[in-house]
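K.L.:
This is the structure, below, for whatever I ask next.
Residue numbers (our numbering), protein chains in the order written: chain A, 86 to 763; chain B, 5 to 349.
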């Protein structure tokens with residue numbers, strides 16, 4: 086909303102520079118977004134909050150300036166226009182029929198005859214131009230001028246273009262059409278409100294007039310509308326028709342019936358001043374507003390809410406400067422009756438805000454509250470935070486991808502009976518459904534980074550997925566991990582490069598489980614090659630290599646992507662964050678290695694478990710320390726070296742004690758796995 | 005073995021020692037497990053009784069001498085030691101380490117903010133992203149068919165014929181984190197101090213400063229005597245911790261349906277220090293959050309007595325804070341996840 090410095094000065098004496106005024110306004114809640122010197126005046130653009138329709142006018146802002154600068158608002162009384170004594174037969178019979186007073190509580194029409202429709206004088210054109218309104222002709226310009234000045238929208242019709250002398254304020258018929266002033270044909274429906282004559286709609290109420298009754302330079306007789314329309318209907322029409330006008334903007338926010346008379350009288354006088362004409366008739370239908378009920382407030386309440394001490398006299402002065410009627414009921418209790426244009430003041434807390442706003446928020450001190458709040462037990466936020474730092478520690482990067490995806494995204498994995506949730510009002514087809522998996526988003530990250538020539542891409546995301554199961558919308562927090570490319574390690578001997586695969590994924594999951602206190606986890610391989618992560622024996626997630634469909638959708642070529650997507654609740658339910666100290670061993674261990682080859686199809690996991698069974702008390706650790714292939718290994722076999730760590734909790738072990746155990750292990754390997762010792 | 009003969013060669017021998025390796029060889033030769041002195045000591049029992057005493061003394065004095073020669077040599081070698089070419093390191097080579105990953109800058113900022121409020125006694129609570137009209141609007145005193153709804157333009161869910169609703173209006177993607185206020189207050193009694201980080205959605209066309217998905221942090225405190233001055237105090241602690249002690253702050257009246265009085269909070273521009281630049285639109289101030297005293301109607305909706313309780317609430321866009329803090333000029337960078345971007349944080 087734009088006003089000019091000089092226009093404001095018509096209504097209040099301003100001793101401040103435009104810059105200082107702009108600052109004052111901002112600090113009173115009228116945020117000045119730009120201040121521009123133009124044509125000897127200053128254009129002040131203000132962002133008006135939706136609760137203050139009374140600020141959508143020069144007078145409304147002047148009233149605020151008066152309150153914050155301690156000046157008086159100057160409202161010269163316009164006086165009523167004098168009606169022409171000669172009653173012409175036409176306008177005299179004008180009648181107004183309002184179909185539903187809820188749609189239009191008040192409608193007034195005034196007829197001015199014999200108007201000479203000229204271009205507007207320079208001063209008027211200039212003011213309108215400064216606030217961003219195009220000049221049309223003197224009559225139309227006057228309606229706009231009064232709109233900007235008083236905040237009350239008006240409309241002028243060419244009276245002679247009406248069929249008959251009856252005006253109807255009625256709902257549009259379904260599929261009724263009207264060409265609006267901007268030349269566009271609009272298709273209406275029964276949810277919309279029009280002004281009509283006997284035959285046709287002549288305006289969309291409160292939004293825009295019709296071309297069929299437009300005031301032009303040939304117009305002689307003008308019908309001036311000043312009315313109030315339902316904010317809800319105007320808002321719906323604006324949304325449905327996509328027409329935003331100065332008029333609809335104000336009606337949507339609420340225009341008081343109280344301003345109708347003043348605005349239309351002012352307009353008639355100004356039309357007569359600029360284009361002669363005689364004021365011939367006036368008709369109105371509807372009710373003018375009743376007064377407001379007073380609100381009770383206590384000075385102590387104001388001070389308690391704000392944390393400040395303000396005298397009762399100051400409270401009274403501030404409220405009066407804003408146009409409120411203030412009566413002192415008892416010592417500290419006020420009865421405040423807000424003015425009709427302040428539809429936003431309905432309770433004591435609104436009065437408190439007014440006091441705070443006018444004294445200035447900067448005068449309210451800063452304190453630290455003396456509160457002992459309930460400590461709510463941490464949910465999974467802590468675990469999520471741990472997961473993020475563990476994964477980052479392993480070299481993975483956290484990504485955040487959009488929850489809204491293309492409905493054509495290939496399904497990655499979905500519970501049976503779960504359907505994607507569609508958005509009723511999507512911005513575009515690319516963001517029309519809520520995702521049912523994190524994996525396609527991760528695949529897109531991989532794709533983008535492959536295009537940036539990244540060699541190794543390891544990413545994860547912790548976010549919700551969504552689905553509708555048996556009618557119920559469900560959201561679930563997931564951890565998605567995706568690895569791809571060539572991981573390189575820099576060592577003393579130089580760079581070692583390693584192609585990413587399932588074992589990298591397993592490595593990540595292993596560390597994660599350890600850090601989350603998940604002891605019972607493993608990855609099993611099904612005969613069909615499916616790799617499943619089990620936590621406490623229950624399947625939790627599938628480790629996968631992305632299939633062609635998803636790769637193509639993400640535009641990934643010639644690169645393998647390894648992914649896993651884990652429901653966090655399931656993962657965390659297997660964990661235990663409590664930590665218990667285990668005494669350090671008192672006696673030294675003895676390490677013995679075994680080298681052997683086994684069939685390629687034999688799983689190392691199974692071998693290690695078998696080894697462990699043979700010396701349950703003394704064998705403390707078994708781990709693979711080497712894995713090799715080559716000429717010494719027969720084809721179809723793989724070579725392994727396993728290190729066994731023996732230790733007793735009671736004594737220092739001797740070689741002699743270990744030897745038979747170790748032999749037993751070798752025998753087991755040969756017997757159970759057809760191993761060949763080396 | 006002739007101890008005297010050994011003694012005479014000792015001096016010339018030690019002179020020839022020019023490295024720690026040679027010194028070690030020297031030590032082993034004399035003091036090692038099978039060294040000369042050990043052998044001499046070992047031969048004592050085989051000597052006639054009367055010789056044993058004096059021989060023993062001689063061996064001992066030899067041992068003392070060898071030991072002191074070794075110590076002296078150690079010192080002189082250490083003094084003149086120069087790294088040999090073989091063991092010299094080219095420290096210009098890359099260090100050997102492991103590459104760490106990066107937590108997303110949005111997470112970092114959220115953690116920082118939640119941490120600050122955590123120190124002030126706030127608990128972190130999260131809520132669902134699919135919300136009801138009641139929690140997202142009605143409970144927060146945002147009436148239907150009111151222009152204030154425009155500011156919270158919202159994605160609604162398409163509801164198939166079998167859709168099950170909670171009886172709290174249409175389902176939608178929350179357009180702010182404020183619905184969690186309703187959830188927490190409905191399930192708990194004051195005193196409360198809560199922060200709510202999370203994703204929110206609005207149908208904004210995507211450009212450098214808009215995204216249809218972004219993050220907010222909501223905070224609120226409710227008790228019997230919370231004042232506007234408390235809101236100012238808590239937010240001042242927050243802003244100074246995030247943006248530095250030297251920033252100036254201002255609270256500007258504003259309108260939010262769920263707070264009254266409401267305030268927008270600005271900090272002096274961290275780029276130009278308030279002089280006016282392109283980042284702050286020449287204003288010298290940067291808006292960082294919205295706040296206010298919780299509206300009595302919100303309390304009524306959750307079953308709190310507005311005469312008994314008061315409270316404040318605030319909400320901020322995490323992307324905006326991160327953009328200001330890190331000097332990022334395009335919100336889309338957060339969701340593209342280019343590693344070259346992520347690795348900067």
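For each residue, glycine too, the CB sits at the ideal point set by N, CA and C. Model, not experiment: these values are computed from the prediction.
Check the Cβ of residue 105 of chain B against every Cβ in chain A and list those closer than 9 Å, keeping chain order.
P.N.:
For the purposes of this step, residue 105 of chain B is identified with residue 101 of the second chain, where counting begins at 1. Chain A residues near residue 105 of chain B: 476, 477, 478, 479, 480, 481, 482, 483, 543, 544 and 545.
K.L.:
Near residue 165 of chain B, which residues of its chain fall below 7 Å by C-beta distance, leaving aside the five closest residues on each side in sequence?
P.N.:
What you label residue 165 of chain B is simply residue 161 of the second chain in a count that begins at 1. The answer is none, since no qualifying residue turns up.
K.L.:
So which residues of chain B does residue 662 of chain A contact, with C-beta pairs closer than 7 Å?
P.N.:
Looking up residue 662 of chain A in the first chain gives position 577. Near residue 662 of chain A there are no residues of chain B at all, since even the closest Cβ is about 17 Å away, more than 7 Å.
K.L.:
Output needed in chain order: residues of the stretch 500-528 of chain A with a Cβ under 7 Å from some Cβ in chain B.
P.N.:
Those would be 506, 507, 508, 509, 510, 512 and 516, in chain order.
K.L.:
What are the uninterrupted segments assigned as beta strand (DSSP E) that are 3 or more residues long and contained completely in the stretch 58-92 of chain B, given in chain order?
P.N.:
Listed in chain order, nothing qualifies, since the stretch 58-92 of chain B has no complete beta strand (DSSP E) run of 3 or more residues.
K.L.:
Please decide whether residue 189 of chain B counts as near chain A, where near means a Cβ-Cβ distance under 8 Å.
P.N.:
On the second chain, position 185 is the one that residue 189 of chain B refers to. For residue 189 of chain B, the answer is no, since every Cβ of chain A falls outside 8 Å of its Cβ.
K.L.:
Pick out whichever of B:187, B:52 and B:232 has its Cα sitting closest to the Cα of residue 265 of chain B.
P.N.:
Residue 265 of chain B sits at position 261 when you count from the first residue of the second chain. Measuring from the Cα of residue 265 of chain B, the nearest candidate turns out to be B:232.
K.L.:
For residue 382 of chain A, which residues from the same chain have a beta carbon less than 7 Å from its beta carbon, with the 5 sequence-adjacent residues on both sides left out?
P.N.:
By one-based count along the first chain, residue 382 of chain A stands at place 297. Correct list, in chain order: 419, 421, 433 and 436.
K.L.:
Taking residue 299 of chain A as the reference, give the member of A:327, A:343, A:244 and A:122 with the closest Cα.
P.N.:
For the purposes of this step, residue 299 of chain A is identified with residue 214 of the first chain, where counting begins at 1. Ranking A:327, A:343, A:244 and A:122 by Cα distance to residue 299 of chain A puts A:244 first.
K.L.:
For the stretch 315-344 of chain B, which residues have a CB atom closer than 8 Å to at least one CB atom of chain A, in sequence order?
P.N.:
Correct list: 338, 339, 340, 341, 342, 343 and 344.
K.L.:
Mind listing the chain A neighbours of residue 144 of chain B? Cutoff is C-beta to C-beta under 7 Å, in chain order.
P.N.:
For the purposes of this step, residue 144 of chain B is taken as residue 140 along the second chain, with counting starting at 1. Neighbours of residue 144 of chain B on chain A: none; closest Cβ ~14 Å, over 7 Å.
K.L.:
If you drop the 5 nearest sequence neighbours on each side, which residues of the same chain put their C-beta closer than 6 Å to that of residue 677 of chain A?
P.N.:
Within the first chain, the letter at position 592 stands for residue 677 of chain A. Excluding residues within five positions, the ones whose Cβ falls inside 6 Å are 729 and 747.
K.L.:
Could you check whether the Cβ of residue 471 of chain A sits closer than 7 Å to any heavy atom belonging to the ligand FAD?
P.N.:
Although the ligand FAD was asked about, the structure shown includes no ligands whatsoever.
K.L.:
Apart from the five residues just before and just after residue 1 of chain B, which ones in its own chain have a Cβ nearer than 8 Å to its Cβ?
P.N.:
With chain B represented from 5 up to 349, any question about residue 1 of chain B goes unanswered, as that position is not in the structure.
K.L.:
Report the three-state DSSP secondary structure of residue 123 of chain B (helix, strand or coil).
P.N.:
Numbered from 1 along the second chain, position 119 holds the residue referred to as residue 123 of chain B. In this structure, residue 123 of chain B counts as helix in the three-state DSSP scheme.
K.L.:
Once you ignore the five residues that flank residue 60 of chain B on each side, which residues in its own chain have a CB closer than 7 Å to its CB?
P.N.:
Taking the first residue of the second chain as 1, we reach residue 60 of chain B at position 56. Here the set comprises 48.
K.L.:
Between residue 264 of chain B and chain A, is the shortest Cβ-Cβ distance under 8 Å, so that the two count as touching?
P.N.:
Taking the second chain and counting its residues from 1, the one referred to as residue 264 of chain B is at position 260. By this cut-off, residue 264 of chain B is an interface position.
K.L.:
Can you tell me whether residue 530 of chain A is helix, strand or coil according to DSSP?
P.N.:
Locating residue 530 of chain A in the first chain gives position 445, counting from the first residue. Residue 530 of chain A: helix per DSSP, three-state reduction.
K.L.:
Taking C-alpha atoms, which residue in A:144, A:460 and A:695 lies nearest to residue 90 of chain A?
P.N.:
Here residue 90 of chain A is taken as the residue at index 5 of the first chain, counted from 1. Ranking the options by Cα distance to residue 90 of chain A, first place goes to A:144.
K.L.:
Out of curiosity, what's the CA-to-CA distance linking residue 148 of chain B and residue 179 of chain B?
P.N.:
Your numbering for residue 148 of chain B matches position 144 in the second chain. Your numbering for residue 179 of chain B matches position 175 in the second chain. Looking at the two C-alpha atoms, the distance is approximately 15 Å.
K.L.:
Going along the stretch 261-279 of chain A in order, which residues come within less than 7 Å of chain B, judged by CB to CB distance?
P.N.:
So nothing in the stretch comes that close.
K.L.:
Determine whether the beta carbon atoms of residue 659 of chain A and residue 621 of chain A lie at a separation below 8 Å.
P.N.:
Position 574 of the first chain, counted from the start, is the residue given in the question as residue 659 of chain A. Position 536 of the first chain, counted from the start, is the residue given in the question as residue 621 of chain A. Cβ atoms of residue 659 of chain A and residue 621 of chain A: closer than 8 Å.
K.L.:
Taking only beta-carbon atoms, is residue 456 of chain A less than 8 Å away from chain B?
P.N.:
In the first chain, counting from the first residue as 1, residue 456 of chain A sits at position 371. Yes - at least one Cβ of chain B is within 8 Å of the one on residue 456 of chain A.
K.L.:
Closest to residue 414 of chain A by C-alpha separation, out of A:443, A:384 and A:426, would be which residue?
P.N.:
Within the first chain, residue 414 of chain A is the residue found at index 329, counting from 1. When only C-alpha atoms are compared, the closest one is A:384.
K.L.:
Taking all protein chains shown into account, do 16 or more other C-beta atoms lie within 10 angstroms of the C-beta of residue 292 of chain A, making it buried, or fewer, making it exposed?
P.N.:
As a working note, residue 292 of chain A is residue 207 in the first chain. Answer is buried; the Cβ neighbour count reaches 16.
K.L.:
State buried or exposed for residue 127 of chain B, treating a residue as buried only when at least 16 other CB atoms are found within 10 Å of its CB.
P.N.:
Along the second chain, read from residue 1 onward, the residue named residue 127 of chain B stands at position 123. The residue is buried, with at least 16 neighbouring Cβ atoms inside 10 Å.
K.L.:
Only counting the same chain, and skipping five residues up and downstream in sequence, which positions put a Cβ closer than 8 Å to that of residue 524 of chain A?
P.N.:
One-based indexing of the first chain puts residue 524 of chain A at position 439. The residues are 497, 498, 565, 567, 631, 635, 648 and 650.
K.L.:
One question on the structure: do residue 255 of chain B and residue 274 of chain B come within less than 8 Å of each other, judged by their Cβ atoms?
P.N.:
The residue given as residue 255 of chain B occupies position 251 in the second chain. The residue given as residue 274 of chain B occupies position 270 in the second chain. No, they are not a contact pair.
K.L.:
When you compare only the Cα positions, how much space is there between residue 699 of chain A and residue 683 of chain A?
P.N.:
Looking up residue 699 of chain A in the first chain gives position 614. Looking up residue 683 of chain A in the first chain gives position 598. Rounded to whole angstroms, residue 699 of chain A to residue 683 of chain A spans 18 Å at the Cα level.
K.L.:
Can you tell me the Cα-Cα spacing of residue 225 of chain A and residue 257 of chain B, whole angstroms?
P.N.:
For the purposes of this step, residue 225 of chain A is taken as the residue at position 140 of the first chain. For the purposes of this step, residue 257 of chain B is taken as the residue at position 253 of the second chain. Using only the alpha carbons, I get a separation of about 36 Å.
K.L.:
Can you check which of these residues, A:338, A:582 and A:589, is closest to residue 136 of chain A by C-alpha distance?
P.N.:
In the first chain, the residue the question calls residue 136 of chain A occupies position 51. That would be A:338, whose Cα lies nearest to the Cα of residue 136 of chain A.
K.L.:
Just reading off the beta strand (DSSP E) that residue 570 of chain A is part of, what are its end residues?
P.N.:
Position 485 of the first chain, counting from 1, holds the residue named residue 570 of chain A. Taken as a continuous stretch (DSSP letters only), the beta strand (DSSP E) holding residue 570 of chain A covers 557-576.
K.L.:
Does the beta-carbon distance from residue 294 of chain B to residue 260 of chain B come in below 8 Å?
P.N.:
By one-based count along the second chain, residue 294 of chain B stands at place 290. By one-based count along the second chain, residue 260 of chain B stands at place 256. Yes; because the gap between Cβ atoms is below 8 Å, this pair is in contact.
K.L.:
Judging by CA-CA distance, which residue of B:250, B:319 and B:85 is the nearest neighbour of residue 298 of chain B?
P.N.:
Within the second chain, the letter at position 294 stands for residue 298 of chain B. Checking every option, the nearest Cα to that of residue 298 of chain B belongs to B:319.
K.L.:
With 8 Å set as the bound, which would you pick, yes or no: does the beta-carbon of residue 473 of chain A sit closer than that to a beta-carbon of chain B?
P.N.:
For this step, residue 473 of chain A is matched to residue 388 along the first chain. By this cut-off, residue 473 of chain A is an interface position.
K.L.:
From the DSSP output, which residues share a beta bridge with residue 126 of chain A?
P.N.:
By 1-based counting over the first chain, the position of residue 126 of chain A is 41. Beta-bridge pairing links residue 126 of chain A to A:123.
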